Structures are given as structure tokens and as C-alpha cells.
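Notes to accompany the following structure.
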Amino acid sequence: MTALSRIAVIGLGYVGLTTAACLADLGNEVVALDTDLRRVAVLRRGRLPLYEPGLAEAVQRNAAARRLRFTTSYREALSVAEFAFIAVGTPEKKNGHADTAQVIDAVARMRNEIQGPLVIVNKSTVPIGTGNLVRRELERAKLAHAVDVVSNPEFLREGSALSDFMHPDRVVIGAESAEVADRVAKLYEPLGAPIVVTTTPTAEMIKYASNALLATRISLINEIAWICEQVGADVKIVADGAGLDRRIGRSMLEAGVGFGGSCLPKDVRALASMVRSSGKQPELLNAVLAINSDQRRVVIRKLRECLGQMDGRRVGLWGLSFKPNTDDLREAPSLDITRELLRLGASVRAYDPAASAQARRLLPRLSIRRDPYAAAAGADAVVLMTEWNEFRELDLERVRRMMRQPVLIDGRNVYDPGAMRDLGFIYRGIGRN
Ligand code: UGA
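Take any residue in the sequence shown, count from 1 to its spot, add 3: that is its number in the working numbering.
Here you go:
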């Protein structure tokens, strides 16, 4: 099969690597670049520098078919590229704004190696206006070749990155001209998704708005969960009942220990700081963040209600990653909760199917166990932090017998409260007692 398009992908984290593998799967010739030599060396050996179901196979498949190769050289990446996707990190600055240094650096390095007409497609989450800024800078540089800048935010989730990329709800393209937008749209045509073509700032804003809307739903349902506990309602059934209204929908309405990860918290804070910079208080976004950090305290409060003093108590944690099917601990609620339990004098034993190695580095005083039973053995309480599927299939009778006290705090509302009580647990979910 002849290659459809020649594409460079700059930055090989979750987004870049998934984009590279999926664009190669669609038949394009992809050169994927990262400046981290070790990361590229790992990828060349067909291994992954991160945990993402199915991604290793996709990388190996496309590398074997010679549609995907890895490099640290901008010259090599750009030698024949018609499109250059940027998917580098935009970490948070002290003032909450997103730091675009890596995006700017990638563009500067590319500029010296452009060898023909190029469309730069930005997937990194950047402050509104960055695309236009980069475009103007490149225009001022009067390069020998035509270079366009397009915003194309990514909406994939960790843990389901490949299927989210291949089956998106929409593709958003922010471009200066219909012709350039059309060329980028063609890359996505095989996916059959609705394509929103707009200006660059609007596309950049869609990304922030989407994550802020998702985070707001989670904090709202967590606030409703709080009220449910006071009035004896069950938040899961409330979410079902409200979610059947098509205007509302059921997704992102799981009450629990709150949202974590590398995106929602950071992007809400960045949007809040944009509001502040424009001279207004981000009242709603502040509340979304405040409710979210309070959800960590809810777990500690429930433990204290059941156990009194935490000093000398043993607590088992099931799951550490910020969500299932990833080993990512960035802003994971488990980190705050573990630190607080240790501060209160409790000992903490945890099990996670994927994040143990990372957790050992971040929390040296956390004791990591080989399975959920070992984490629960001798515990005064177990807290379910992450709804990995394997926690749904446990022999809970056995778990209860192993524990010193049968207290189970279900931070993700995985279990049925009635069934848990029948099994003899002192069970506390979030918003359903
Ligand atoms: C999120 C967005 O969902 C993606 O669309 C976006 O592309 C990505 O950020 C990004 O900006 O890169 P992700 O952080 O991978 O994706 O995971 P989510 O599935 O959104 O979960 C985020 C957090 O919210 C997790 O901690 C999860 O446990 C929590 N959550 C999710 C809830 O507490 N309740 C819910 O109902 C859903």
C-alpha cells in the first residue's frame, strides 16, 4: 500500500504516541520524534515508555510494516513531512497558566529543518491565542516554504486512548483557511466522525471548555452526593434518573473521590487563571476545584466516623492510579489520601494492578502488597480508590474474614450497599448511605 500522507509527530507521551500509532494504522507514513533519547531507544525496541492497553501492539504492528519509525532528530522527522503534529507537554506554571515553552521550542527547532510546504498541527493543550501567535512568528520569519498552523485538540482518555482516537465523538480543526482545514480533515476522514472546522482560538477554547464541562459535572455530582447522604438518597440512582434525560446524559456523573490525572485538574486551573487575567473571578471553576479537593477529605472523614482515632490504625487501599487501566499517578486522589493517613499515624498497605512501581517512588512509606487480599489482611479498614475491574470480582467474604475490622469505604461506588451489609461489612459509599 502506498502511504497516504507523510507525517511527523513531535512529543511521545500518551497523546503523541497514540496519534503516531493510529495515523500509521490508517496507512500514513509516520516519523515520531521525542528529544528524550531513552524514550526513543525503548520505543525502537518495540517497548512502551508508558502503560496504555493495546498501544504496544499498535506500535509494533506499524513499526514492522515500516509505517512508523522513531527518531530524536528534527531533520529526519521533517525530511519529507507534509504535516507535523505537536503533542508536547504544557505543564502548569506557578500562576496556574499552561507553560507553552515546549511548544515554542518544538516550533523553533522545526523552523530550521523545514524542507518543503508544511502544515503544523497542534494537539498540545495551549492557552487561547497560542496558535495565532506561532503563525504570526513564522510569517515574520519569511521562510522559504509555505507553513500553516492548525489547532487540532485531542480528546482521548488515558486507559482507552486507542479506541478514543479511532472512534472520536468529533474532530476539531481550527485553521486560517478552508483549504488547510480540508487537508487536515482528510487525515481523519476514515474515522467517519463529525468534523468541526473553526478558527484557531475557537478550537483551542473547545478543548478547555470540554475539560471544564466534564470536571464541572463530576464536582456537581459530588456535591449532590453530599446532599444525598444528608437526606437518605442514593446518588447512583439519582444520576441514573437524571441522566436518562437526553439533555443531561449519564456519563461523567460517577460520584467518588474526585477527578485526578494530568488533564482535568490542570486544565480547569488554567482556565480559571485565564478568567482571572481577564479581570473576573472564576467563581464556578473555583468551586469545581474546591469540591474536588474536598472529596479527598470525605474519605478521611468517613474513616474517622467508623474508626475514631486514626493513629495506629491499619488501612488497606485498593487501587492507586487516578483511574483504571493506567499506571498514571498524576494528581491521583490516592496520593493525598495516603499522605494524610500517614500524617495521622495510620499505616497504609496498598495494591494496584499497574501503578505499584510508580507509587513506590512517590510514597516510600507506603507498603505495596502483591494482591488485594494481602492489602486487606489485618486492616481496620479498606478504601477502594480506583475501580479496576478486578476489584469487582473479589471474594469479599474472604476479605471480611481477613480484616481486623470490617470497614469498607467504597470511594467509587462499585459495590451494592445492601449486599455489603449482608456480608457483614460496615460499608460506606459516596452519597448512598
Ligand atoms: C480527560 C478527558 O476525559 C479527555 O477527553 C481529555 O482528552 C483528557 O482529559 C485530556 O485532556 O488529555 P482522562 O484524564 O484521561 O481524560 O480521564 P477521564 O476518564 O476524563 O477521568 C478523569 C478523572 O475523573 C479520573 O480521576 C476519574 O476517576 C474521574 N471521574 C471520571 C469521576 O470521578 N467521575 C466520573 O463520572 C468520571
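Just so you know, even glycine gets a beta-carbon here, dropped at the ideal spot from N, CA and C. Keep in mind the model is a prediction, meaning the values are calculated, not measured.
- Non-local beta-carbon contacts of Leu-71 in its own chain, meaning distances under 7 Å to residues more than five positions away in sequence, involve Ala-23, Ala-24, Ala-27, Val-33, Ala-35, Val-62 and Asn-65 in chain order.
- Ranked by Cα distance from Thr-202, the options Ala-380, Arg-138, Met-405 and Lys-305 are led by Arg-138.
- Around the beta carbon of Glu-55, a 10 Å sphere encloses 16 or more other beta carbons of the protein chains shown; the residue is thus reported as buried.
- Secondary structure at Tyr-376: helix, using DSSP grouped into helix, strand and coil.
- The DSSP-derived three-state label of Trp-391 is coil.
- In the structure shown, Arg-160 adopts coil according to DSSP, grouped into three states.
- Beta bridge pairing from DSSP links Arg-9 with Glu-32.
- Gly-421: member of the alpha helix (DSSP H) spanning 420-425, first to last residue.
- Bridge partners of Gly-244 according to DSSP: none are assigned.
- Minimum Cα-Cα distance from Ala-273 among the listed residues Tyr-17, Ser-76, Ile-131 and Pro-120 corresponds to Ile-131.
- Listed in chain order, the non-local C-beta contacts of Arg-316 below 6 Å within the same chain comprise Leu-310, Ala-349 and Asp-383, local neighbours out to five positions each way being set aside.
- Not one heavy atom of the ligand UGA sits closer than 7 Å to the Cβ of Phe-73.
- Assignment of Ser-280 by DSSP, reduced to helix, strand and coil, places it in the helix class.
- Three or more beta-carbon pairs drawn from the segment 86-96 and the segment 12-23 are found closer than 8 Å, and the two stretches are therefore classed as touching.
- At least one heavy atom of the ligand UGA falls within 7 Å of the beta-carbon of Glu-257.
- Arg-186: member of the alpha helix (DSSP H) spanning 181-191, first to last residue.
- In this structure, Leu-194 sits near Pro-171, with a CB-CB distance shorter than 8 Å.
- When the beta-carbon positions are compared, Ala-258 and Val-238 come within less than 8 Å of each other.
- Runs of the alpha helix (DSSP H) lying entirely within the segment 70-139 and spanning at least 4 residues, in chain order: 77-81 and 104-114.
- With a 10 Å radius around the Cβ and a threshold of 16 neighbouring Cβ atoms, Gln-298 comes out buried.
- Distances taken from the Cβ of Glu-157 to the heavy atoms of the ligand UGA include one shorter than 7 Å.
- Short note on Cys-266: C-beta closer than 7 Å to some heavy atom of the ligand UGA.
- In the structure shown, the three-state DSSP call for Ala-218 is helix.
- The shortest C-alpha to C-alpha distance from Ala-379 to any of Met-406, Gly-246, Asn-392 and Pro-367 is the one to Met-406.
- With respect to Asn-214, Asp-167 sits apart: the two C-beta atoms are not nearer than 8 Å.
- Bounds of any beta strand (DSSP E) do not take in Leu-306; it lies within the alpha helix (DSSP H) bounded by 286-310.
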